[in-house]
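Engineer:
Numbering (our numbering), first residue to last: 11 to 292.
1. I need the DSSP call for residue 200, collapsed to helix, strand or coil.
2. Please return the same chain residues whose Cβ sits closer than 8 Å to the Cβ of residue 139, not counting the five positions on each side in sequence.
3. Do residue 146 and residue 173 have their C-beta atoms within less than 7 Å of each other?
4. Among 135, 148 and 59, which residue has its Cα nearest to the Cα of residue 125?
5. Please state whether DSSP places residue 135 in a helix, a strand or coil.
6. So, residue 91 versus residue 228, is the Cβ gap smaller than 7 Å?
7. Helix, strand or coil: how does DSSP classify residue 52 here?
8. Which two residues bound the contiguous alpha helix (DSSP H) that contains residue 33?
9. Less than 7 Å separating the beta-carbons of residue 67 and residue 111?
10. For residue 148, collect the residues of the same chain with a Cβ closer than 7 Å to its Cβ; drop the 5 residues on either side in sequence, then sort them by chain order.
11. Just to confirm, is the Cβ distance from residue 223 to residue 230 under 7 Å?
12. Which runs of the alpha helix (DSSP H) spanning at least 4 residues fall entirely within the segment 217-275, listed in chain order?
13. Classify residue 283: buried if its beta carbon has 16 or more other beta carbons within 10 angstroms, exposed otherwise.
14. Are there 16 or more other CB atoms within 10 angstroms of the CB of residue 314, so buried, or fewer, so exposed?
15. Here's a check: name, in chain order, each residue in its chain whose Cβ is nearer than 8 Å to the Cβ of residue 107, leaving out the five neighbours to either side.
16. Classify residue 208 as helix, strand or coil using the three-state DSSP reduction.
17. Starting from residue 188, trace the alpha helix (DSSP H) in both directions and tell me its first and last residue.
18. Taking only three categories from DSSP, how would you classify residue 162?
19. In three-state DSSP terms, what is residue 127?
20. Per DSSP, what kind of secondary structure is residue 74 in: helix, strand or coil?
21. So the alpha helix (DSSP H) residue 109 belongs to, where does it begin and stop?
22. According to DSSP, is residue 29 helix, strand or coil?
23. What distance in whole Å lies between the Cβ atoms of residue 89 and residue 185, which are believed to be in contact at a cut-off of 8 Å?
24. Write down the C-beta distance between residue 75 and residue 105 rounded to the nearest angstrom, noting that I regard them as a contact closer than 8 Å.
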């Protein structure tokens, strides 16, 4: 983290190196000049800037969180639980920061949003490829969500690959099976391109793990890390719903989406479902 230094002559401190042949090492690493010139406004409304920058910040957080969850998934596959838990714990802090991104937008009135809404055209958050990768890692798979990206071959190929790969929960259940827990073969061998569906047998596995914490301490801690993630994903969806409801009511969303109606349906869904339902049986 950079620090603002006081006057070196007044403090007797060593003068920092100020003369560089090209750009500064900070700029070379952070690419701040690129980041701060990515805002191409499409309206004259002063509120569009905060909407655009906030959306761009969200995309950066999506990118970090995908990195963490992919790290965790690979570590679970290799039975490296401490590495997986560390990545999940980092992602919890990142999800908290992501969710806080709604704060600048949460007070938008319909008139304020309408003043630059036309600039979005057919653009909509559901078209975010990186957010879609997040959803795929959470087990919320849908081949139809690749369709908007057919015109971008690299992005489409990345999403298609992610669609067929095990998500965080798939790798978790595979680990539980390797440790002798009765995860059904139908769950372990499911079509990974499809949305994960809850299983009573998996619920029973989690109930047994949570009922015997001394015996399964490591797995309980893994379960709690995943539950932390699931809770913050639920909060993200609800904060999105509330911000949208305030800004546009029940009108059709940008890009032809169902707007609030679609978000309301999403807000009722939990990721890692048996981690929530198993608690009723402990």
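Every residue gets a Cβ at the ideal spot worked out from N, C-alpha and C, and that includes glycine.
Structural biologist: Checking against the coordinates, here is how it stands:
1. coil
2. 159, 162, 165, 168 and 169
3. yes
4. 59
5. helix
6. yes
7. coil
8. Careful: residue 33 lies outside any alpha helix (DSSP H) and carries neither H nor E.
9. yes
10. 177, 178, 243 and 281
11. yes
12. 227-258
13. buried
14. Any answer about residue 314 is impossible in this case: the structure gives the chain only from 11 up to 292.
15. 71
16. coil
17. 178-188
18. coil
19. helix
20. helix
21. 91-110
22. coil
23. 7 Å
24. 7 Å
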